[in-house]
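Here the sequence shown is numbered in the numbering used here, starting from 1132 and rising by one per residue.
One structure is given here, and the rest of the page talks about it.
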Amino acid sequence: HKRQRTFRSSGDHDRNELNSLPACSICLRHFSHIIIYCNATHTWDKAHPTFAECHRTALYAKDGCLLCCKWQKDEGCNEKHNTKHICSGCGSATHGAQRCPHAQ
1132 HKRQRTFRSS GDHDRNELNS LPACSICLRH FSHIIIYCNA THTWDKAHPT
1182 FAECHRTALY AKDGCLLCCK WQKDEGCNEK HNTKHICSGC GSATHGAQRC
1232 PHAQ
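This is the structure:
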């Protein structure tokens, strides 16, 4: 007795499933992939060049400035290193990647 399965194309995602995944700190896409291996040159919609990149396990702006990884998460960061509190998606100091207007 076989179970029925539903098949979806790789581009067809359930909206709730997408929203439950955090945005990648590099490409800002809500897609399950390992951020330290994301080598995107543009945001998920190809509308903007990426602002940051990973080197090993650290997150850097393309100008070489070290960014705070906690700041990119929904909960943010309470540590007092504000120069590192820059959005990895657009460079703004008012939010991190999860709240970036360029995120998917």
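Beta carbons are placed, not taken as given, at the ideal position from N, Cα and C, and that holds for glycine.
Keep in mind the model is a prediction, meaning the values are calculated, not measured.
| query | result |
| --- | --- |
| Could you check if A1234 is buried or exposed, using at least 16 other CB atoms within 10 Å of its CB as the buried criterion? | buried |
| Given D1194, which residues of its chain have a CB within under 8 Å of its CB, disregarding the five upstream and five downstream residues? | none |
| Exposed or buried, what is I1165 when buried is set at 16 or more other beta-carbons lying within 10 Å of its beta-carbon? | exposed |
| In three-state terms, what does DSSP make of A1247? | Residue 1247 falls outside the range modelled here, since the chain spans only 1132 to 1235, and no answer is possible. |
| Please state whether DSSP places A1224 in a helix, a strand or coil. | coil |
| Among the residues of its own chain, which have a CB less than 7 Å from the CB of R1160, if the five just before and after it don't count? | A1154, W1175, Q1235 |
| Check each candidate in C1231, C1199, A1228, I1167 and name the one with the smallest Cα separation from H1216. | C1199 |
| By a C-beta neighbour count over all protein chains shown, 10 Å radius and 16 as the cutoff for buried, is C1231 buried or exposed? | buried |
| Rank D1205, G1207, I1157 by C-alpha distance to the C-alpha of A1189 and give the top, closest one. | I1157 |
| Let's test the definition: count the other Cβ atoms within 10 Å of the Cβ of A1178 and tell me whether it reaches 16, buried, or not, exposed. | exposed |
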